[in-house]
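One structure below.
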Ligand SMILES: [Fe+2]
Ligand SMILES: [Fe+2]
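Residue numbers (my numbering): -9 to 349.
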């Protein structure tokens, strides 16, 4: 085993240790056989040196096309995903029981208990599979308010770490995400699950969930930030949100974190009226209209980290070609460079093409 400067790496060398970026995201895992594209990736991430094994493997002349079994398919088949799914089911159920008791019987909401159960999901051994990859495979699975709240709590947990918040703040962000939509349980269920367009009156009732949630949590003497996140997660920095049309500094910073995680989860999940939207399309939507509506520093941090998790992921383009995402354009995060066979497609220069699906 030896440590070599990235510039001296050659295809066929085998990575001897996991390679992480400065924010502790995995870039390459141990035992990966290096290719030109992977060496370029290390360079792009500013990785200066890498531990490699002594032997160099012969690579086939043309590197294999992206995956016969896609990455997400492999995640789905992994024992870690199967156990995540089991725990997820148990947690959604227990969350349901806990919140129903609060809403129906006015029992005391034990935020600590709720939080510690969800934090266990984050700390459980998932091998190299991130929480976001796990959630990506749950997209068609359960669109209940409870599952959505659990997803948003888990996304807030990851997001707060990307923002380099303290451990205490990471926990607060997680709790805010978990409880942001409790008010929806007080809105008639047939309106929440209605597949078609809502009437004005129904929309008004749905919008009340933020205030209803706030009142419910306040009546339980729960931390102010958690109550504020329930009240303000639909507020937008340009004043276009509800219920009060608050702006920038008037919005609790945890509500700003929840707002981004909430929209991301809602759009990338299946709904009764539509299939999940591909994360790169969601990132494109955030890029085109998100910078005024959300806290700029937060939304940029979120998007940059989200796209980084998809480097080396298989994808299908809107013209049907399949390839691998190999380079993120920092000024156009939703339009990376995709390698299709031996062709490099720079989506930043191909306005008519986009990523249709992740594989
Ligand atoms: Fe909401
Ligand atoms: Fe929500």
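Every residue, glycine too, gets a C-beta built ideally from N, C-alpha and C.
Around the Cβ of residue 118, are there at least 16 other Cβ atoms within 10 angstroms (buried) or fewer (exposed)?
exposed
In this structure, how does DSSP classify residue 240 when only helix, strand and coil are distinguished?
Looking at residue 240 - three-state DSSP - the assignment turns out to be helix.
Determine the burial state of residue 334: buried for a count of at least 16 other Cβ atoms within 10 Å of its Cβ, exposed for fewer.
exposed
Is the number of C-beta pairs between the segment 190 to 210 and the segment 157 to 176 that are closer than 8 Å three or more?
Judged by Cβ distances under 8 Å, the segment 190 to 210 makes contact with the segment 157 to 176, as three or more pairs qualify.
C-alpha distance - residue 301 paired with residue 72, whole-angstrom precision
24 Å
If you follow the alpha helix (DSSP H) that residue 139 is part of, which residue opens it and which one closes it?
135 to 152
I'd like to know whether the C-beta atoms of residue 247 and residue 222 end up nearer to each other than 8 Å.
no
Under a three-way DSSP split, which group does residue 198 fall into?
coil
Checking the sheet assignment: what are the DSSP bridge partners for residue 304?
In the DSSP output, where bridge partners are listed per residue, residue 304 has 314.
Taking only runs that begin and end inside the segment 166 to 221, name each unbroken alpha helix (DSSP H) of 4 or more residues, in chain order.
Counting only runs of 4 or more, we get 179 to 182, 190 to 197, 199 to 209.
Residue 336 lies in the beta strand (DSSP E); which residues open and close that run?
333 to 336
Rounded C-alpha distance that separates residue 190 from residue 183
16 Å
I need the straight-line Cα distance from residue 371 to residue 255, nearest angstrom please.
The displayed coordinates of the chain run from -9 to 349. Any statement about residue 371 would go beyond what the structure contains.
Residue 4 - DSSP class collapsed to helix/strand/coil
strand
Pocket of ligand 2 (residues with CB nearer than 5 Å to any heavy atom), chain order
171, 252
Out of 343, 5, 244, which has the shortest C-alpha to C-alpha gap to residue 289?
244
Measuring only from the beta carbon, is residue 200 closer than 7 Å to any heavy atom that is part of ligand 1?
yes
Among the residues of its own chain, which have a CB less than 6 Å from the CB of residue 219, if the five just before and after it don't count?
166, 170, 244, 245, 248
Name the residue from 338, 319, 313 whose alpha carbon lies nearest to the alpha carbon of residue 355.
Within the shown structure, residues of the chain are numbered from -9 to 349, placing residue 355 beyond reach of any answer.
Could you give the DSSP three-state label for residue 224: helix, strand or coil?
Correct three-state label for residue 224: coil.
Give the straight-line distance between the Cα atoms of residue 96 and residue 201, rounded to the nearest whole angstrom.
Computed Cα separation, rounded: 17 Å.
Under a Cβ-count criterion, where at least 16 other Cβ atoms within 10 Å of its own Cβ denotes burial, should residue 211 be classed as buried or exposed?
exposed
So, is residue 324 buried or exposed, given that buried needs 16 or more other C-beta atoms within 10 angstroms?
buried
Are the beta-carbon atoms of residue 41 and residue 7 separated by less than 8 Å?
Going by beta carbons, residue 41 and residue 7 fall inside the 8 Å limit.
Enumerate in chain order the residues of its own chain whose CB-to-CB distance from residue 322 is below 8 Å, with the five nearest sequence positions on each side excluded.
277, 337, 338
Who pairs with residue 104 in a beta bridge, going by DSSP?
For residue 104, which the question treats as bridged, DSSP gives no partner whatsoever.
Have a look at residue 310 and residue 330 and give me their C-alpha separation to the nearest angstrom.
When rounded, the distance between both Cα atoms is 11 Å.
Measuring straight from C-alpha to C-alpha, what distance separates residue 285 and residue 291?
10 Å
Rounded distance between the beta-carbons of residue 24 and residue -1, thought under 8 Å:
Between residue -1 and residue 24, the beta carbon gap of about 6 Å places them in contact (Cβ cut-off 8 Å).
Where DSSP assigns a beta bridge to residue 264, which residues make up the other side?
261
Can you tell which of 320, 340, 296 has its C-alpha closest to the C-alpha of residue 150?
296
So the beta strand (DSSP E) residue 41 belongs to, where does it begin and stop?
39 to 46
Within 10 angstroms of the Cβ of residue 51, are there 16 or more other Cβ atoms? Answer buried if so, exposed if not.
Confidence at residue 51 is low in this model, with a pLDDT of 47, below 50, so the placement of that residue should be treated as unreliable; the coordinate-derived value is given next. Classification for residue 51: exposed.
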